[in-house]
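Notes for the one structure printed next.
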């Protein structure tokens, strides 16, 4: 049997429209045009009547919810035929005929049967599945939000997909083949999503199939996708920062990648659904609400979401890094888990290459920008001899001869994760043949007394990593003369709980990551009020002490974390120094001028920091910020800065600010 083009009735018939088509003429020709938008099709669905008694079939979200729930629980077959609630007569939602025989098309998807009578019936199933998915997705997001507000708990690495499918699990859940309703919430949700993606692959148009619906599908298909939450869910999965987590959920990812391949290869859906940015709808607005209630005028937004191609590109970077690392360390990936990981990486890499090579949307722009994207994330290789000559833990690293199996695989995973997840302001260089050897520069965050300073760390993963945390040394102490934070001691010790050097959440071998360590340092140590990082301090302490310490740290930031780096950049970091000061020179001068106008601390901060914070040697001479401004201006001009600080700073500040013991205590602050 042949079907009409663009989801019409049987061959020789044309599609109907809500305003011109009635159930009595459902099998006759109509002059209405094919559906271009989801709302046109939704209106048509709401006009469908029982072929026998003329009772309405679907008139509200509740009707779709009940239909979808019946499919999920196995109470009704997944077909384009809807049974009238009044007379129990089945009617095709596409062509409006009463079917007494098997539908025209049947598919078996992992043991689940789906069928449709005509191409419009196929479009109906696509619309209904997207509506049903959206209802579940939004309900799950609401439960997650409520749980977060109640528990205030942090999520682990990877995409946590919490929640369950609630009322859908009150009976045998044959559709999901999940092995019982006692499965974990995430596993249950993953099984649900996996099955939806597999079914959608059969319902969506594909150029690899020959039907008229596949070759010339109605434009309503792309309209439905863009107004559904399904693309949001794909983006969330592609943004997963943990390939290990994705491997544990490989069946879901295999189905997701298959769905992405289908929409990425068809001319109707590729550009708008995959390669272009998408309109971001409010959380509680989805295809189901839009189909029956429309979009409230007040809730229209101009927000856009990143394209799925961008999300896939980042995951592809991780996958290619993993495949490259595995090629040089084959023994590390011989386990079942390792083979599954490589299988998934190949799936991701193959899909990326396929989409870029075989679709109109894949122009190659994504590939051309990928190199710069990696560099922007601040993860680079360095020659072993370059890094070992300036690495504090060189002897420790060279002493490792036969690391335990699995260590290298974990390190490859860590570097791969850093490639796409490292936030701006953190730069990592690792030894080309020793991924356990890293040097890091963190840029002081805006709005803190460390702003735009450069702070250097050495990071080494010991032989038993990840069973024990990495070792991290802060190098910005001027040889033990300065300490700039209660958590950065003058001997270079870094105190955070993830390193097991500070009370709190400890390092967890199967969960904690180097990325978490670096983000903790950036966000928790280089903060707006470092005074309160000291365990003995609390909000009860007077504000004057906080301001005194902040001014002191600002002085050290300009002296040692900005001026020294700009005048005498270390050879190892010259590229990063050039990048940083070329981009931020004018901003640094403006901020330094504002700090200078605050004046030096009226009293040098009397360190309430505990004993390990005391400096080891006599502090160096430190000049006031206003004294340094002309020199700083000259230094940053060599990087392209054009801003000229005001020269009317006042003579009272043009003095040396000598950091030294005060009342038996030492001053604190500084950086490399």
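Residue numbers (the numbering used here): 19 to 690. The beta carbon of each residue, even a glycine, is placed where N, CA and C say it ideally should be.
Counted within 10 angstroms of its Cβ, other Cβ atoms place residue i as buried (16 or more) or exposed
i: residue 423; result: exposed
i: residue 592; result: exposed
i: residue 344; result: buried
i: residue 513; result: buried
i: residue 207; result: buried
i: residue 97; result: buried
i: residue 417; result: exposed
i: residue 336; result: buried
i: residue 662; result: exposed
i: residue 413; result: exposed
i: residue 105; result: exposed
i: residue 584; result: buried
i: residue 676; result: Any answer about residue 676 is weak, because its pLDDT of 38 lies below 50 and its placement is not dependable; what the coordinates show is given next. Exposed, by the Cβ-count rule.
i: residue 370; result: buried
i: residue 191; result: A caution first: residue 191 carries a pLDDT of 34, below 50, which makes its placement in the model too unreliable to give a value.
i: residue 612; result: exposed
i: residue 357; result: exposed
i: residue 400; result: buried
i: residue 234; result: exposed
i: residue 87; result: buried
i: residue 247; result: buried
i: residue 198; result: For residue 198, the predicted structure reports a pLDDT of 42, less than 50, and the residue's modelled location is therefore unreliable. A value from the coordinates is still provided. The residue in question, residue 198, is exposed, as its Cβ has fewer than 16 Cβ neighbours within 10 Å.
Secondary structure of residue i, DSSP reduced to three states
i: residue 354; result: helix
i: residue 511; result: strand
i: residue 115; result: coil
i: residue 108; result: strand
i: residue 475; result: strand
i: residue 203; result: helix
i: residue 491; result: strand
i: residue 323; result: strand
i: residue 595; result: helix
i: residue 535; result: helix
i: residue 445; result: strand
i: residue 127; result: strand
i: residue 400; result: strand
i: residue 280; result: helix
i: residue 576; result: helix
i: residue 459; result: strand
i: residue 297; result: strand
i: residue 502; result: coil
i: residue 366; result: helix
i: residue 274; result: helix
i: residue 144; result: helix
i: residue 516; result: helix
i: residue 694; result: In the structure displayed, the chain extends from 19 to 690; residue 694 sits before or after that span and is not available.
C-beta atoms of residue i and residue j nearer than 8 Å
i: residue 69; j: residue 115; result: yes
i: residue 658; j: residue 610; result: no
i: residue 646; j: residue 576; result: yes
i: residue 153; j: residue 306; result: yes
i: residue 219; j: residue 270; result: no
i: residue 618; j: residue 652; result: no
i: residue 228; j: residue 56; result: no
i: residue 322; j: residue 295; result: yes
i: residue 91; j: residue 100; result: no
i: residue 482; j: residue 449; result: no
i: residue 326; j: residue 256; result: yes
i: residue 134; j: residue 112; result: yes
i: residue 511; j: residue 411; result: no
i: residue 238; j: residue 58; result: yes
i: residue 340; j: residue 261; result: yes
i: residue 359; j: residue 287; result: no
i: residue 82; j: residue 146; result: yes
Supposed contact pair residue j and residue i - C-beta distance, whole angstroms, cut 8 Å
i: residue 426; j: residue 338; result: Not confirmed; about 17 Å, so no contact.
i: residue 277; j: residue 372; result: Their Cβ separation, rounded to whole angstroms, is 14 Å, which puts residue 277 and residue 372 out of contact at 8 Å.
i: residue 606; j: residue 654; result: 6 Å
i: residue 547; j: residue 460; result: Incorrect: roughly 18 Å between the Cβ atoms, too far for contact.
i: residue 643; j: residue 573; result: 6 Å
i: residue 475; j: residue 491; result: 7 Å
i: residue 444; j: residue 536; result: 5 Å
i: residue 230; j: residue 137; result: 7 Å
i: residue 494; j: residue 578; result: 7 Å
Residue-chain proximity (residue i, chain B), Cβ-Cβ < 8 Å
i: residue 222; result: No chain B is present in this structure, which holds just one protein chain.
Contained alpha helix (DSSP H) runs [length at least 4] in the segment 47-106, N- to C-terminal order: Scanning the segment 47-106 from its first residue to its last, the whole alpha helix (DSSP H) runs of 4-plus residues come out as 56-64 and 79-91.
Those runs of the beta strand (DSSP E) which lie wholly inside the segment 220-265 and span at least 3 residues: Here no run is fully enclosed.
Start-end ranges of the beta strand (DSSP E) lying completely within the segment 404-440, minimum 3 residues: None, since the segment 404-440 contains no complete beta strand (DSSP E) of that length.
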